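Have a look at the structure below, then the notes.
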Amino acid sequence: MQSRWWCCRLVAWTWVWSLALLGAWCIPANEVNLLDSRSVIGDLGWVAYPKNGWEEIGEVDEDYAPIHTYQVCRVMEQNQNNWLHTNWILTEGAQRVFIELKFTLRDCNSLPGGVGTCKETFNMVMKESRYIKIDTIAADESFTELDLGDRVMKLNTEVRDLGPLTRKGFYLAFQDLGACIALVSVRVFYKRCPFLVKSLAEFPDTIPGSEASQLVEVVGRCVNNSLPLYEPPRMHCSAEGEWLVPIGKCVCQPGFEEINGSCQVCKVGFYRSLLESVACSKCPPHSAARQMGATTCSCEDAYYKIDSDPPNMACTPPSPVSVVRKDHTGKSSIALSWAEPDRPNGIILEYEIKYFEKEQDSSYTIIKSKETEMVVEGLKPSSVYIFQVRARTSAGYGAFSRRFEFQTSPYLTATSERAQASIVAVAITLALVLLAVSGFLHLHISILMMCLCLLPNRRCGYSKAKQDPEEEKMHFHNGHIKFPGVRTYIDPLTYEDPNQAVHEFAQEIDVSFISIERIIGAGEFGEVCSGPLRLPGKREMQVAIKTLKAGYTEQQRRDFLWEASIMGQFNHPNIIRLEGVVTKSKPVMIITEYMENGSLDTFLKKNDGQFTVIQLVGMLRGIASGMRYLSDMGYVHRDLAARNILVNSNLVCKVSDFGLSRVLEDDPEAAYTTRGGKIPIRWTAPEAIAYRKFTSASDVWSYGIVMWEVMSYGERPYWEMSNQDVIKAVEENYRLPGPMDCPEALYHLMMDCWQRERNSRPKFDEIVCLLDKLIRNPSSLKKLVNSSHRVSNLLVEHASAEGECNTLSQTVGEWLDSIKMGRYTELFMEGGYSSLETVAQMTSE
Numbered sequence: 001m002q003s004r005w006w007c008c009r010l011v012a013w014t015w016v017w018s019l020a021l022l023g024a025w026c027i028p029a030n031e032v033n034l035l036d037s038r039s040v041i042g043d044l045g046w047v048a049y050p051k052n053g054w055e056e057i058g059e060v061d062e063d064y065a066p067i068h069t070y071q072v073c074r075v076m077e078q079n080q081n082n083w084l085h086t087n088w089i090l091t092e093g094a095q096r097v098f099i100e101l102k103f104t105l106r107d108c109n110s111l112p113g114g115v116g117t118c119k120e121t122f123n124m125v126m127k128e129s130r131y132i133k134i135d136t137i138a139a140d141e142s143f144t145e146l147d148l149g150d151r152v153m154k155l156n157t158e159v160r161d162l163g164p165l166t167r168k169g170f171y172l173a174f175q176d177l178g179a180c181i182a183l184v185s186v187r188v189f190y191k192r193c194p195f196l197v198k199s200l201a202e203f204p205d206t207i208p209g210s211e212a213s214q215l216v217e218v219v220g221r222c223v224n225n226s227l228p229l230y231e232p233p234r235m236h237c238s239a240e241g242e243w244l245v246p247i248g249k250c251v252c253q254p255g256f257e258e259i260n261g262s263c264q265v266c267k268v269g270f271y272r273s274l275l276e277s278v279a280c281s282k283c284p285p286h287s288a289a290r291q292m293g294a295t296t297c298s299c300e301d302a303y304y305k306i307d308s309d310p311p312n313m314a315c316t317p318p319s320p321v322s323v324v325r326k327d328h329t330g331k332s333s334i335a336l337s338w339a340e341p342d343r344p345n346g347i348i349l350e351y352e353i354k355y356f357e358k359e360q361d362s363s364y365t366i367i368k369s370k371e372t373e374m375v376v377e378g379l380k381p382s383s384v385y386i387f388q389v390r391a392r393t394s395a396g397y398g399a400f401s402r403r404f405e406f407q408t409s410p411y412l413t414a415t416s417e418r419a420q421a422s423i424v425a426v427a428i429t430l431a432l433v434l435l436a437v438s439g440f441l442h443l444h445i446s447i448l449m450m451c452l453c454l455l456p457n458r459r460c461g462y463s464k465a466k467q468d469p470e471e472e473k474m475h476f477h478n479g480h481i482k483f484p485g486v487r488t489y490i491d492p493l494t495y496e497d498p499n500q501a502v503h504e505f506a507q508e509i510d511v512s513f514i515s516i517e518r519i520i521g522a523g524e525f526g527e528v529c530s531g532p533l534r535l536p537g538k539r540e541m542q543v544a545i546k547t548l549k550a551g552y553t554e555q556q557r558r559d560f561l562w563e564a565s566i567m568g569q570f571n572h573p574n575i576i577r578l579e580g581v582v583t584k585s586k587p588v589m590i591i592t593e594y595m596e597n598g599s600l601d602t603f604l605k606k607n608d609g610q611f612t613v614i615q616l617v618g619m620l621r622g623i624a625s626g627m628r629y630l631s632d633m634g635y636v637h638r639d640l641a642a643r644n645i646l647v648n649s650n651l652v653c654k655v656s657d658f659g660l661s662r663v664l665e666d667d668p669e670a671a672y673t674t675r676g677g678k679i680p681i682r683w684t685a686p687e688a689i690a691y692r693k694f695t696s697a698s699d700v701w702s703y704g705i706v707m708w709e710v711m712s713y714g715e716r717p718y719w720e721m722s723n724q725d726v727i728k729a730v731e732e733n734y735r736l737p738g739p740m741d742c743p744e745a746l747y748h749l750m751m752d753c754w755q756r757e758r759n760s761r762p763k764f765d766e767i768v769c770l771l772d773k774l775i776r777n778p779s780s781l782k783k784l785v786n787s788s789h790r791v792s793n794l795l796v797e798h799a800s801a802e803g804e805c806n807t808l809s810q811t812v813g814e815w816l817d818s819i820k821m822g823r824y825t826e827l828f829m830e831g832g833y834s835s836l837e838t839v840a841q842m843t844s845e
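Under UniProt numbering, think of the first position of the sequence shown as 1, with each following residue one higher.
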């Protein structure tokens with residue numbers, strides 16, 4: 001009778017709870033229910049053993065929706081063992097599931113004396129092929145008789161995860177050993193990464209892997225008239241049902257542009273031919289696009305372009321070179337000359353000479369000359385070559401001349417070589433005789449010059465322009481430009497008129513399309529602002545605006561716009577994008593995409609310790625991808641540092657500050673002066689400091705320092721050491737210690753980037769490949785750098801060398817303050833590290 005009374009009181013209290021909670025729970029979008037006792041119509045039908053143990057109480061709420069509660073309260077009896085089995089639960093392919101219980105439990109101390117047994121826990125068990133205990137469940141809060149009277153609601157919620165699962169389904173069971181419990185709700189669910197459309201790519205619902213740390217890579221599908229840019233878009237699904245580490249993206253296909261997240265067709269008069277282009281562009285002068293969705297513009301009558309001209313080049317009236325002459329041939333060279341065009345349409349800036357071996361016109365080479373003559377070298381002997389010449393004026397390129405065929409000389413035969421050798425010997429003998437007889441210096445020189453003329457492959461008396469070995473030479477193969485050493489970046493300094501470089505690589509924007517709303521910083525030449533850019537026919541976008549301060553000199557104006565001439569040549573998701581320039585009104589401006597989170601070093605300092613290792617590796621992967629693109633372009637950054645990386649709202653990192661590769665007088669980081677100007681010592685490779693040898697390999701060294709900055713959340717490299725001490729330390733093979741909690745795999749990559757021999761350092765494409773592997777296998781990031789490696793003797797020995805600040809005489813607190821880690825002084829003291837000698841002996845334990 002007494003047991004029945006307790007049971008009734010428990011039922012009434014549980015029913016109140018159920019009414020209060022129904023309709024108040026919502027399921028997150030990344031969770032999929034496999035079982036929810038609250039949503040079942042009719043009896044749950046779970047099996048209780050023995051039958052007088054767990055009891056199902058069925059009620060309805062005010063809307064007549066069913067309420068299911070299982071309860072047991074046999075506390076008056078000894079040796080309880082009451083089981084409750086659920087029905088078969090299908091997993092739907094999930095390998096890891098979560099179980100959420102909501103229940104109430106009676107406080108044993110509140111029960112009257114004389115009870116047979118009383119517990120405040122119960123067991124949860126699962127069965128795939130056999131029974132396995134999941135956990136013993138205890139209540140955070142239990143209720144008393146007083147709570148029942150006052151209707152004080154104390155509902156407990158417990159969640160457990162279960163996996164990896166290997167079968168299509170399983171049973172759940174609950175074992176009571178003598179508690180007073182009411183199960184208000186049982187929910188079994190799995191987490192998934194929900195359907196997502198990002199950067200014009202569609203990612204399907206994805207079930208995570210079986211391991212809590214596993215990331216599942218998913219390749220997205222480009223939608224809405226879009227195509228992959230550089231590489232297919234990818235995301236990684238985490239065990240928590242979150243999309244992480246976006247890689248690659250989709251862009252609108254030619255003839256379309258992205259507006260408000262979808263691809264819209266280009267309007268009449270506009271075109272878009274390249275995937276790298278951001279938006280549809282207005283047709284260049286003397287051309288038109290007469291239909292929507294144009295990928296190119298057609299020239300007007302009496303104007304033309306050739307197939308190899310870029311699509312943004314203006315159509316020009318004819319100025320062909322009519323005749324190309326052969327002046328001289330060698331076995332590996334041909335000297336050419338030509339007359340200026342009759343109608344050049346402006347001052348001729350240069351000529352382009354296109355040539356290829358006959359019958360091999362799919363692979364050709366273009367070289368440039370400012371004269372009307374050129375010696376083309378590096379040809380095959382006894383081979384026929386086709387030559388064409390065209391002129392370039394400020395209006396653009398003219399047409400190539402008709403084809404001219406010229407053949408190189410054959411190899412010398414053995415007989416002719418012996419004959420020439422004999423002639424040379426006679427000539428030298430004659431020269432010596434004449435010198436001895438006459439003593440006339442001018443005759444001596446004349447005869448010796450004659451001898452040199454007779455040597456094989458020598459040209460005498462030829463004063464025409466010769467191909468400069470350093471001159472830019474473009475090779476074309478099957479329609480693609482190939483530069484020697486894969487060099488496609490064009491240095492703006494090679495232009496006689498810097499304004500021409502700006503307008504060739506950067507779009508001029510009317511100042512009326514820009515609104516400056518606020519100042520966000522200061523640059524080398526003026527203020528940096530932000531505001532909306534409203535271009536006709538395009539969606540409004542937020543941009544960053546660099547301005548040139550008033551009172552500038554012409555040289556300052558050129559230096560300011562120089563960066564735009566560089567940025568305009570790049571198009572990559574991890575390179576800051578140039579929107580355009582304002583040069584026809586004041587102030588002169590450079591317009592770039594707006595990066596909401598600012599510079600990477602400041603962003604990391606503000607969010608110290610807030611990111612997962614995978615997120616940090618994703619940032620590093622983006623930076624490496626951008627640098628791989630620059631390296632492939634043949635561009636050396638020279639000032640790669642976290643302060644020159646910008647971060648947007650999606651944590652995408654982009655390389656910026658291309659104007660800093662020149663000499664900087666005001667950069668506080670460039671405090672050490674070497675031949676040719678100032679350089680940022682802490683980020684610069686030894687060969688670049690000593691010999692100004694800047695290459696992609698020196699950028700890799702800098703990338704290693706950026707990795708260290710990222711993993712240390714914006715810590716200053718080498719802390720407060722002077723630049724001279726940094727140079728000396730690096731020269732003596734000291735390297736920065738691994739940051740706190742840095743994965744060993746990442747620190748090994750840093751050390752590879754800091755190899756003394758630049759040829760031993762990894763290439764950027766190898767770095768990207770390695771980071772991709774680490775992202776796909778997060779378990780490889782679990783092993784951390786041994787803590788003993790983090791106490792670098794560089795700090796002790798080189799601070800000692802400063803004389804006045806002998807680190808060995810410092811306290812641990814002073815040393816920690818000097819490296820901006822003073823907040824850890826107390827922890828060091830508590831751990832028994834009261835001197836630097838004990839700190840240097842610190843181990844991972």
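All C-beta atoms, glycine included, are put in the ideal place defined by N, C-alpha and C. All of these numbers come straight from a predicted model, not from anything done at the bench.
- prompt: So what's residue 846 in DSSP terms, helix, strand or just coil?
  reply: Nothing can be reported for residue 846: it is not among the residues displayed for the chain, which extend from 1 to 845.
field: Under the three-state DSSP convention, the category P310 falls into
entry: coil
field: Check whether residue 846 and F98 have beta carbons under 7 Å apart
entry: Residue numbering for the chain in the displayed model covers 1 to 845; residue 846 lies beyond these limits and cannot be assessed.
query: With 16 as the cutoff for other CB atoms within 10 Å, does H68 come out buried or exposed?
result: buried
task: Express the C-alpha separation of E357 and Y364 in angstroms, rounding to a whole number.
output: 8 Å
field: Endpoints, alpha helix (DSSP H) assigned at R621
entry: V613 to M633
- request: Express the C-alpha separation of S281 and P668 in angstroms, rounding to a whole number.
  value: Caution is warranted here: a pLDDT of 41 is assigned to P668, below 50, making its placement in the model unreliable, and no coordinate value can be reported.
Sufficient close CB pairs (3 or more, under 8 Å) joining the region 536 to 555 to the region 584 to 597: Yes, the region 536 to 555 touches the region 584 to 597.
message: Please identify the residue among L227, E504, K368 and I705 whose C-alpha is closest to the C-alpha of I353.
response: K368
field: Whole-angstrom C-beta distance between L101 and I134, which should lie under 8 Å
entry: Contact flag wrong, Cβ pair sits at about 11 Å.
message: Considering only the alpha carbon of each residue, which of K119, R106 and T157 lies closest to T144?
response: Residue R106 is the option with its Cα nearest to T144.
Residue interval of the alpha helix (DSSP H) (run including M751): Per DSSP, the continuous alpha helix (DSSP H) segment holding M751 begins and ends at E744 to C753.
task: Since I believe P284 is in contact with C266 (beta carbons under 8 Å), could you give me their beta-carbon distance rounded to a whole number of angstroms?
output: Between P284 and C266 the Cβ distance is about 14 Å, and since that is not below 8 Å, they are no contact.
Option nearest P28 by Cα separation, candidates K191, F103 and L34: K191
task: Can you give me the Cβ contacts of D604 inside the same chain, cut-off strictly under 6 Å, excluding the 5 residues immediately before and after it?
output: In the sequence under discussion, the amino acid at residue 604 is Leu, which differs from the Asp named in the question. Result list for L604: Y713 and G714, in chain order.
task: Would you list the residues sitting across from R392 in a DSSP beta bridge?
output: E350 and Y397
- prompt: If you follow the alpha helix (DSSP H) that S565 is part of, which residue opens it and which one closes it?
  reply: Counting along the chain, the alpha helix (DSSP H) containing S565 begins and ends at E554 to M567.
Per DSSP, cross-strand counterpart(s) of S262: Paired residues: I259.
message: Rounding to the nearest angstrom, what Cα-Cα distance links G537 and Y304 in this structure?
response: Between G537 and Y304, the C-alpha separation is close to 28 Å.
- prompt: Can you name the residues that DSSP bridges to Q71?
  reply: E55 and A182
query: Counting pairs of Cβ atoms below 8 Å between the region 687 to 699 and the region 596 to 616, do you hit three or more?
result: no
query: How big is the Cα-Cα spacing for S702 and L816?
result: Taking C-alpha positions only, S702 is separated from L816 by approximately 26 Å.
task: Work out the CA separation of P204 and R167 for me, nearest whole Å.
output: So the alpha carbons of these two residues sit roughly 24 Å apart.
message: If the criterion is Cβ atoms closer than 7 Å, does the pair A288 and Y271 meet it?
response: no
query: With 16 as the cutoff for other CB atoms within 10 Å, does residue 921 come out buried or exposed?
result: This structure leaves residue 921 out entirely; the chain is present only between 1 and 845.
message: Taking 8 Å as the cut-off, does the region 519 to 529 touch the region 613 to 622 (at least 3 CB pairs, one atom from each stretch)?
response: no
- request: State yes or no: is the C-beta of S213 within less than 7 Å of the C-beta of P778?
  value: In this structure, P778 lies closer than 7 Å to S213 by Cβ.
message: Going by DSSP in three states, T602 sits in which element: helix, strand or coil?
response: helix
CA nearest to the CA of I334, picked from Q407, D772 and V323: Q407
- prompt: At a cut of 8 Å, does the region 224 to 233 reach the region 112 to 132 through at least three beta carbon pairs?
  reply: no
message: By alpha-carbon positions, which one of E508, S565 and V839 ends up nearest to P498?
response: Selected option, being the one with the closest Cα: S565.
query: With 16 other CB atoms within 10 Å as the buried threshold, where does G831 fall?
result: So G831 counts as exposed.
Top-ranked residue by Cα proximity to A201, from A239, N759 and P246: P246
query: Where does T825 fall in DSSP's three states?
result: helix
- request: With I334 as the anchor, note down where its alpha helix (DSSP H) starts and where it stops.
  value: Unbroken run through I334 is the beta strand (DSSP E), S333 to W338; no alpha helix (DSSP H).
- request: In angstroms with no decimal places, state the Cα-to-Cα distance between G45 and S37.
  value: 11 Å
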